[in-house]
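Residue numbers (the numbering used here), protein chains in the order written: chain C, 57 to 373; chain V, -5 to 298. Don't be surprised by glycine CBs; every beta carbon is placed ideally from N, CA and C. It should be emphasised that the depicted structure is a prediction, and the values quoted were computed from it without experimental measurement.
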Amino acid sequence: MIFYLIRRVLYAIPISLAVSLVCFMLVHIAPGDPINAIVPPDAPQAVVEQIKHEYGLDKPLPVQFGLWLYQVSQGDLGRSLATGRSVWSDLRPATANTLRLAVTASLIGFVLGLILGGLAGTFRGTWIDRIATTFAVAGVSIPHYWLGMVMVILFSVTLGALPAMGAGPGGATDWAWDWAHIQYLILPAVTLSVIPMGIITRTVRGVVGEIMNQDFVNTLRGKGMLPRNIFLHVVKNAAPNALSVMGLQLGYLMGGSILVETVFSWPGTGFLLNSAIFQRDIPLLQGTILVLALFFVALNLIVDLVQTALDPRIKRS
Amino acid sequence: MSGRTETLSAAQAELLIQAKGAKTRHPGYWTGVLRRLSRDKMTMVCLSILLLMLLAIVFASVVSPFDPYQTSMIRRLKPPGFAGHPLGTDELGRDMLSRLLYGGRLSWFLGITPVVISLVIGGVLGVIAGFLGGWVNMAIMRTTDVFYAFPSVLLAVAISGALGAGISNAILSMSLVFIPQIIRVAETVTTGVRNLDYVESARASGASSMTIVRVHVLPNVLGPIFVYATSLISVSMILAAGLSFLGLGTKPPQAEWGLMLNTLRTAIYSQPLLAMLPGVCIFMTSICFNIASDGLRSAMDVRS
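Now the structure itself:
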């Protein structure tokens, strides 16, 4: 197992490099000369040449990639074209905000998914199962950006109970876990939580249903074990699979919150991506995507390691 | 997958021979799938809804009461039923029902095309990787790992965002999201089939690789790959409309559900129900495709 762990950790290195390469290439697949993404189109030729040289754009692509990678490893993600500030200074508070949103949404989704999926798997074929499955299918089929609008209409416009946009009185950089801030988090988090809710319900239902049919559960039942204790055995067996799906879901939410953040004007990475796209601010786009993708790679690694540690049956060679 | 599980009693077989003249024929695998599918009420309801929607959007020019692009300054954001507009008018005074019908064309096109493209490209690459194994498998599968390292929405937004708005860019970016997923499924299924005994026997009896792929591998892997692809349509519809919602897919004044949802966002205070309509269409389509795909999966699963 130790060899598997070492191999898995080492494998994250080429993947991270390849992910960086894809992010690096984003600038080059953008239509037109990448220099146009950095200087305004009416800049004099001499200035263009000078900036090209400064950015190393006159060097061959592999060299450019190496230079860019070096800069990134130093924590320098370049400068935003729109604001002129360093990308990292905008990205750090935004990542924190997205993390708050994604973690809260995951927690809501996981708890609901575990309850619904556990019930559905235990009581397969009953009305409980049908209700839970309906919720699960609706959760994965609903366009969540639309659900966000419905939430705003219900809770902000009609009831006036919760604020519809922003992240609280202090704006993007000032967050505290008090009601003044949390009330801004509720609607976007609940909206985003329907996706993991649906997927976790499906997964847990499948896993629990499968385990309930296994011989050892029948044996436990046969020797007169209380349902409560049987349940503990089922949980122990279902946990590794459920946990790995949950871990990946957190990563998907980090990357997929852009639509919900747009609906609720939540000042996170999605909001940043949105403005980067509209202002064709390629360095900002590139930096944000790189950070989110590397986060996802790291999360994938952690999930694999935790799953291996939890489940002794996984002995990959 | 054995393919044919139905066994016939001698009497039934006799009847069948009489019914079909001299031809003796087992009811095929696909007949069984269709029969199981037709017994699944939920799936049939969803398929009927999808068929109705498809007819409505194909014949949008006949069904639509108004021109979907005809704006009117004095008829903006009117409620359903106003002056002959069955579902009211949008923020530029255009007939809502007509726009939803025409919008469906583009939304369906944007949702289904990337899946079809990915099915073809991903299917071919996955079967090649699974059948040949070795370094070809290594090269193809390690490349898909890289695309897997991005959350799917993020990858689509990144590529679309870099390429700029537009229908073809949206389709390209979404295909790049789905191709690796189909490759993985195709590779897993093909590897499984390749190691089965009958493939080994075919090879031993001197069948060429092409024959083995055509006769023994493809018929057994296409089904599962196709089912997986149908399950992607639901995701694809939501993602496509989402890209348009972000301004990355279609451009105004084109009618498309995601884009309509975006432009109607300003109306959620004055005409909330109206602003919800395009989303209802996306939701309906997506959930029906999802349930239909689940139904198809269990109908094709001979073990159940």
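Practice item. Give the range of the alpha helix (DSSP H) segment to which L125 (chain C) is assigned. Key: In the first sequence, residue 125 (chain C) corresponds to position 69, counting from 1. Note, L125 (chain C): alpha helix (DSSP H), L117 to S129.
Check your understanding: Within this structure, are the beta carbons of S154 (chain V) and S167 (chain V) separated by less than 8 Å?
Key -> The residue given as residue 154 (chain V) occupies position 160 in the second sequence. The residue given as residue 167 (chain V) occupies position 173 in the second sequence. Yes, these two residues count as a Cβ contact at 8 Å.
Exercise for review: With DSSP as the reference, label D89 (chain V) as helix, strand or coil.
Suggested key: Stepping through the second sequence from its first residue, residue 89 (chain V) is reached at position 95. Note: D89 (chain V) maps to strand in three-state DSSP.
Check your understanding: Can you list, in chain order, the residues of the segment 143 to 164 of chain V whose Cβ is nearer than 9 Å to any Cβ on chain C?
Key -> A143, F144, P145, S146, V147, L148, L149, V151, A152, I153, S154, G155, A156, L157, G158 and A159
Point to revise | Coarse secondary structure for R135 (chain C), derived from DSSP in three states | key: Within the first sequence, residue 135 (chain C) is the residue found at index 79, counting from 1. DSSP places R135 (chain C) in strand when its eight states are reduced to three.
Review point. Would a C-beta distance cut-off of 8 Å place A180 (chain V) and G82 (chain V) closer than the cut-off?
Key: Locating residue 180 (chain V) in the second sequence gives position 186, where the first residue counts as 1. Locating residue 82 (chain V) in the second sequence gives position 88, where the first residue counts as 1. No. Outside cutoff.
Practice item. Determine the DSSP secondary structure at T83 (chain V), reduced to helix, strand or coil. Key: Working through the second sequence from its first residue, we reach residue 83 (chain V) at position 89. T83 (chain V): strand per DSSP, three-state reduction.
Point to revise | Own chain residues within Cβ distance below 7 Å of V347 (chain C), not counting five before or after | key: Your numbering for residue 347 (chain C) matches position 291 in the first sequence. For V347 (chain C), where only same-chain residues beyond five positions count, the Cβ hits under 7 Å are L147 and T151.
Practice item. Determine whether the Cβ of G312 (chain C) lies closer than 8 Å to any Cβ atom of chain V. Key: For the purposes of this step, residue 312 (chain C) is taken as residue 256 along the first sequence, with counting starting at 1. G312 (chain C) counts as touching chain V.
Review point. Would a check of beta-carbon distances place G98 (chain V) closer than 8 Å to chain C?
Key: By 1-based counting over the second sequence, the position of residue 98 (chain V) is 104. So, not an interface residue.
**Study point:** Within 8 Å, strictly: CB atoms of A249 (chain V) and P62 (chain V)
**Key:** Here the question's residue 249 (chain V) lines up with position 255 in the second sequence. Here the question's residue 62 (chain V) lines up with position 68 in the second sequence. Yes, these two residues count as a Cβ contact at 8 Å.
**Study point:** C-alpha gap between S92 (chain V) and I51 (chain V), whole angstroms
**Key:** Position 98 of the second sequence, counting from 1, holds the residue named residue 92 (chain V). Position 57 of the second sequence, counting from 1, holds the residue named residue 51 (chain V). Using only the alpha carbons, I get a separation of about 10 Å.
**Study point:** Beta bridge counterpart(s) of S142 (chain C) as assigned by DSSP
**Key:** For the purposes of this step, residue 142 (chain C) is taken as residue 86 along the first sequence, with counting starting at 1. Note: S142 (chain C) sits in a beta bridge opposite C:R135.
Practice item. Only counting runs of 4 or more residues, tell me where the alpha helix (DSSP H) segments fall wholly within the segment 244 to 292 of chain C, in order along the chain. Key: 271 to 278
Review point. So S264 (chain V) is in the alpha helix (DSSP H); what residue range does that whole segment cover?
Key: Here residue 264 (chain V) refers to the residue found at position 270 of the second sequence. Run containing S264 (chain V): none; DSSP gives neither H nor E here.
Review point. So, helix, strand or coil for Q64 (chain V), using DSSP?
Key: Taking the first residue of the second sequence as position 1, residue 64 (chain V) is located at position 70. Note: Q64 (chain V) maps to coil in three-state DSSP.
Check your understanding: By Cβ distance below 7 Å, which residues in the same chain neighbour M90 (chain V) in space, the five residues on each side in sequence not counted?
Key -> Translated into the one-based positions of the second sequence, residue 90 (chain V) becomes position 96. For M90 (chain V), where only same-chain residues beyond five positions count, the Cβ hits under 7 Å are H79, L81, G82, T83, D84, L268 and L271.
Exercise for review: Answer yes if the segment 259 to 271 of chain C comes into contact with the segment 160 to 176 of chain C, meaning at least three C-beta pairs across the two stretches below 8 Å, and no otherwise.
Suggested key: yes
Exercise for review: With DSSP collapsed to three states, give me the class of A156 (chain V).
Suggested key: The sequence position of residue 156 (chain V) within the second sequence is 162, counting from 1. DSSP places A156 (chain V) in helix when its eight states are reduced to three.
Exercise for review: Let me know if I285 (chain V) comes out buried or exposed under the rule of 16 or more other beta-carbons within 10 Å of its beta-carbon.
Suggested key: Taking the second sequence and counting its residues from 1, the one referred to as residue 285 (chain V) is at position 291. When all chains shown are included, I285 (chain V) counts as buried.
Exercise for review: Assign T154 (chain C) to buried or exposed, taking buried as 16 or more other Cβ atoms, counted over all protein chains shown, within 10 Å of its Cβ.
Suggested key: Numbered from 1 along the first sequence, position 98 holds the residue referred to as residue 154 (chain C). Counting Cβ neighbours within 10 Å, T154 (chain C) comes out buried, since at least 16 surround it.
Check your understanding: Is the beta carbon of I255 (chain C) sitting closer than 8 Å to the one on V291 (chain C)?
Key -> To locate residue 255 (chain C), count along the first sequence from 1; it is residue 199. To locate residue 291 (chain C), count along the first sequence from 1; it is residue 235. Going by C-beta atoms, I255 (chain C) is not nearer than 8 Å to V291 (chain C).
Exercise for review: May I ask whether a heavy atom of the ligand SAM can be found less than 7 Å away from the beta carbon of W183 (chain C)?
Suggested key: Summarising the ligand content, the structure contains no ligands, and the ligand SAM is consequently not present.
Exercise for review: Pick out whichever of V:V193, V:V171, V:T65 and V:L48 has its Cα sitting closest to the Cα of M278 (chain V).
Suggested key: Counted from its first residue, the second sequence places residue 278 (chain V) at position 284. Among V:V193, V:V171, V:T65 and V:L48, the Cα nearest to that of M278 (chain V) belongs to V:L48.
Exercise for review: Give every residue of the same chain whose Cβ lies closer than 8 Å to the Cβ of G157 (chain V), excluding the five residues on either side of it in the sequence, and list them in chain order.
Suggested key: Here the question's residue 157 (chain V) lines up with position 163 in the second sequence. Just to set this straight, residue 157 (chain V) is Leu in the shown sequence, not Gly. Only N163, L166 and S167 meet the Cβ criterion.
Exercise for review: Out of V:M135, V:L86, V:L216 and V:G236, state which residue places its alpha-carbon closest to the alpha-carbon of I71 (chain C).
Suggested key: Numbered from 1 along the first sequence, position 15 holds the residue referred to as residue 71 (chain C). When only C-alpha atoms are compared, the closest one is V:M135.
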